[in-house]
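Report on the structure given below.
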Amino acid sequence: MTDAKGAFQIRSTRPTGSVMYVDAAPHGDRSLRLRSVVGFGSGGGVAQRSESAVTVNELTTVAAAYALAQFTDPHGITGPSPGLENAAATSYNLADPASGRPGKVVTDQNNGSKNDTLATLGTLANLVSLCAPGADTGRCQDMLRLATPRNGTTPADTAQAVLNLAHNPRLATGKLYALTGRAHTYTPALTAAPAAWVLALHYTAPDVYAPGRMAIDAKGNVWASNNWLPGTRSPSPYVTVQDPVGNPTLNSPISGGGMKAGAWGIAIDHDGAVWVPSYGGDAMAKYSAAGKPLSPGTGFKNGDLNHPQGTAVDQKGNIWIANFYGLKGNRGQGSVIVYPHGDPSKAITIKGGGLDHPFSIQIDGYGRAWVSNARLNGAKLLDSRVPKGHVGGSVTVIGPDFKPTSFSPIKDNSLDWPLGLAVDSRNNVWVPGFVSNSVTEIGPSGKIAGVYKLPTAIAPWSVAIDGADRVWVAGFGAPSVSVLCGVNAGACPPSSSTGSPLTPSQGYRSNSIQHLTAIQLDQSGNVWLANNWSELLPPTGGNGLVELVGVATPVCTPLTPVPARPATTSSTACPQQTSTQPG
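To convert a position in the sequence shown, counted from 1, into our numbering, add 8.
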């Protein structure tokens with residue numbers, strides 16, 4: 009019970025392994041439910057935290073709904089570590105549960121007035137305020153009705169209504185925005201209806217500049233390769249690491265180990281060690297899980313590395329490297345290098361199968377490596393990023409015997425400068441076509457299963473698959489994120505089918521999103537984006553990473569290698585996968 013001013017006391021112990029939160033509702037009124045995170049345990053990548061005093065209001069309700077969207081249902085908040093604790097920690101970036109005011113991150117110099125996240129947060133809080141005691145009950149009921157997903161159940165209260173918007177960002181944007189016309193409890197607020205109810209946070213830790221690709225470790229830390237030094241086109245000697253709430257960690261930025269201009273490649277092995285291609289050093293750099301360089305000062309050069317790019321780890325702990333061969337040379341150059349069980353001294357060089365300036369590499373559930381071939385013409389575009397005419401490309405598949413499969417290379421007109429491909433849970437491979445502006449689905453046997461044209465020209469660079477097999481697409485040409493329904497149509501809105509776009513025609517956009525080369529997902533359901541370039545002409549490095557809060561189905565990290573949703577029913581949320589032979 010509260011006093012006349014709404015104050016209350018709760019006696020409890022600190023959380024030890026999960027999340028503590030408070031729900032508050034007025035006596036006799038079921039439509040208003042407010043929520044606030046009180047603290048979280050030590051199971052994640054952020055130090056345990058709890059509050060002795062907490063404010064429960066509309067802002068904290070929105071923060072909790074979005075950050076913990078993938079762990080919340082009508083019965084409350086629960087889920088596996090470390091995603092649950094990291095999600096609760098992220099809620100502090102949106103709203104401070106002690107004061108009830110906007111969080112330090114959403115109001116900082118990178119966010120605040122620089123993007124519309126703070127204003128979106130205020131608008132959503134104003135929607136919740138429509139159900140406050142004494143407010144117009146008709147407007148409250150209108151808000152709950154509009155926050156009902158198609159073929160879904162009308163939310164019983166405001167906490168569920170905001171959760172519905174977090175799960176369905178395109179829901180009734182115009183009509184809900186119009187409802188806030190008389191609600192001015194929170195400012196700033198949006199001045200026009202949003203394309204989607206998405207909250208993006210921009211993080212600019214030291215030397216996270218022109219980031220190429222990220223890998224997320226078992227604790228939720230985000231490791232990134234970086235092309236250039238800030239404000240220059242000089243090769244970066246740093247690998248950077250940010251904790252799940254965007255702060256530098258593990259003594260980041262980390263130098264040494266032969267790093268010189270990290271490019272589009274980074275992977276984490278079974279011991280938690282991080283392998284990063286040194287594109288400018290023609291080498292591989294290796295770092296311990298604690299951030300200590302494990303490779304020599306010039307990196308590992310075994311396998312005659314020449315501008316290495318994509319990197320992956322298979323079920324046996326083998327390290328696979330796309331030996332890109334740079335921007336010069338002839339067609340058909342390049343190879344795939346394997347360090348068996350992570351041993352560079354036993355390097356295996358693989359050629360044939362149509363390998364032609366291989367760019368990215370991912371492992372399927374059978375232990376096969378799928379490799380995108382950017383070709384020489386496409387490779388030269390890496391200097392200009394302005395495609396002219398048909399570039400072409402293909403995909404090579406290499407078996408666990410280190411030999412290209414008989415159906416390689418896979419060719420199709422849609423594979424027009426294919427870059428960062430990804431594998432789904434059913435061993436289908438999704439390949440973005442930078443020039444064709446499409447995403448191609450290839451079945452496990454190598455047959456083209458579908459070509460899905462994106463509704464707007466975004467020049468897609470890479471894709472990632474979430475725990476519900478939805479396909480997340482990073483736009484380089486037009487800074488944006490698009491989502492396609494994957495092979496699990498049941499995880500998509502009604503009437504969707506494989507390849508259906510689930511985002512607005514322009515994708516999810518934010519002033520903080522720059523020209524993207526990488527997109528990765530974490531165990532909390534957050535989407536991480538690499539701002540590789542900020543300007544196309546002249547080429548200018550991008551600033552930091554952007555996080556879309558709570559919008560994706562969580563996926564085990566590090567990639568295992570086929571995407572899997574963390575389990576809540578087993579002692580190990582993300583057990584190590586083993587490979588099987590294709591049937």
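In this text, a Cβ means the ideal position worked out from N, Cα and C, and glycines have one as well.
Within its chain, find whatever has a CB closer than 6 Å to the CB of residue i; leave out the 5 residues flanking it on each side and keep chain order.
| i | result |
| --- | --- |
| P408 | G375 |
| T80 | L171 |
| A499 | A476 |
| Y100 | G111 |
| S518 | N123 and A208 |
| G340 | D364 |
| C139 | S39, L40, C148 and T166 |
| D104 | G111 |
| V471 | A430, W438, P440, V479 and V481 |
Closer than 8 Å to a non-hydrogen atom of the ligand ADP - does that hold for the CB of residue i?
| i | result |
| --- | --- |
| R573 | As far as ligands go, the structure on display features none, and thus does not contain the ligand ADP. |
Out of the options, point me to the one whose CA is closest to residue i's CA.
| i | options | result |
| --- | --- | --- |
| G350 | H365, V321, W438 and D372 | V321 |
| N123 | G441, T576, M151 and Y516 | Y516 |
| G337 | R383, V481, G360 and V379 | R383 |
| G485 | M267, T319, N540 and H398 | N540 |
| V447 | S453, A430 and R434 | A430 |
| G305 | R339, A330 and G265 | G265 |
| G36 | H278, V230, E449 and D165 | D165 |
| N159 | L179, G146, G142 and E543 | L179 |
| G108 | V62, A186, G47 and A95 | V62 |
| K419 | G400, G270 and P245 | G400 |
| A2 | S50, E93, L42 and P90 | With the chain covering only 9 through 591, there is no way to say anything about residue 2. |
| T98 | W438, N534 and K461 | N534 |
| T319 | H278, G342, G273 and K294 | G273 |
| G270 | A223, S414, G254 and G507 | A223 |
| I450 | S503, G507, T464 and I356 | G507 |
| I85 | A538, G549, A201 and Y29 | Y29 |
| Y333 | V439, G397, K359 and Y347 | K359 |
| N259 | T240, L335 and K300 | K300 |
| A226 | P219, W236 and A275 | A275 |
| A355 | W328, L237, P366 and Q370 | W328 |
Please look up how many angstroms separate the CB atoms of residue i and residue j, rounded, as I've assumed it's under 8 Å.
| i | j | result |
| --- | --- | --- |
| T511 | A204 | 7 Å |
| I406 | V379 | 7 Å |
| T3 | P88 | Residue 3 lies beyond the range of the chain shown here (9 to 591); nothing can be said about it. |
| S368 | Q323 | With a Cβ gap of about 19 Å, S368 and Q323 do not count as contacting. |
| F442 | P468 | 6 Å |
| T181 | P202 | 5 Å |
| G483 | L524 | 6 Å |
Apart from the five residues on each side of it in sequence, which residues of its chain come closer than 7 Å, Cβ to Cβ, to residue i?
| i | result |
| --- | --- |
| P196 | L126, A127 and G130 |
| G325 | D277, H278, H349 and G350 |
| D150 | L187 |
| P23 | Per-residue confidence for P23 stands at a pLDDT of 47, beneath the threshold of 50, marking its modelled position as unreliable; no derived number is given. |
| N176 | P157 |
| S422 | G441, S444, S446, T448 and V459 |
| S433 | D477, V570, P571 and A572 |
| G362 | N381, S402, T404, S416 and P417 |
| G53 | P90, N94, K227, G228, N229, D251 and P252 |
What does a CB cutoff of less than 8 Å around residue i pick up in its chain, not counting 5 residues either side in sequence?
| i | result |
| --- | --- |
| N119 | V113, T125, L126, L209, H210 and S520 |
| P256 | A213, P214, T248, V249 and Q250 |
| T199 | A127 |
Return helix, strand or coil for residue i, following the three-state DSSP convention.
| i | result |
| --- | --- |
| N6 | Lying before the first or after the last residue shown, residue 6 is absent from the chain, which here runs from 9 to 591. |
| K183 | helix |
| D147 | Strictly speaking, residue 147 in this sequence is Arg, with Asp absent from that position. Helix at R147. |
| V30 | strand |
| F332 | coil |
| T161 | coil |
| V559 | coil |
| T98 | helix |
| T576 | coil |
| P23 | The predicted model places P23 with a pLDDT of 47, which falls under 50 and marks its position as unreliable, so this point remains unresolved. |
| A374 | Here residue 374 is Tyr; the residue named in the question, Ala, does not match the sequence. Residue state, collapsed to three classes: coil. |
| V321 | strand |
| P202 | coil |
| V136 | helix |
| V491 | strand |
| P590 | coil |
| Y246 | coil |
| F308 | strand |
Under a CB-based cut-off of 9 Å, is residue i close to chain D?
| i | result |
| --- | --- |
| A203 | No chain D is part of this structure, which consists of one protein chain only. |
Practice task
Inspect the CB distances between the region 244 to 258 and the region 206 to 213 and report whether three or more fall short of 8 Å.
Solution key: Judged by pairs of C-beta atoms under 8 Å, the region 244 to 258 touches the region 206 to 213, as three or more such pairs exist.
Exercise for the section: Pair every Cβ in the region 306 to 314 with every Cβ in the region 282 to 296, then say whether three or more of these pairs are closer than 8 Å. Expected result: Cβ pair count under 8 Å is three or more, so yes.
Problem - Cβ contact check for the region 545 to 564 and the region 528 to 536: 3 or more pairs under 8 Å - result: By the criterion of at least three beta-carbon pairs nearer than 8 Å, the region 545 to 564 is in contact with the region 528 to 536.
Problem - Inter-stretch contact at 8 Å, needing at least 3 Cβ pairs: the region 573 to 587 / the region 548 to 556 - result: The answer is no - the region 548 to 556 does not touch the region 573 to 587, with fewer than three Cβ pairs under 8 Å.
Practice task
Check whether the region 277 to 284 touches the region 223 to 237, taking contact to mean three or more Cβ pairs, one atom from each stretch, closer than 8 Å.
Solution key: Cβ pair count under 8 Å is three or more, so yes.
Problem - Cβ pair count under 8 Å reaching 3, the region 132 to 147 against the region 69 to 77 - result: Contact between the region 132 to 147 and the region 69 to 77 is present, because at least three Cβ pairs lie under 8 Å.
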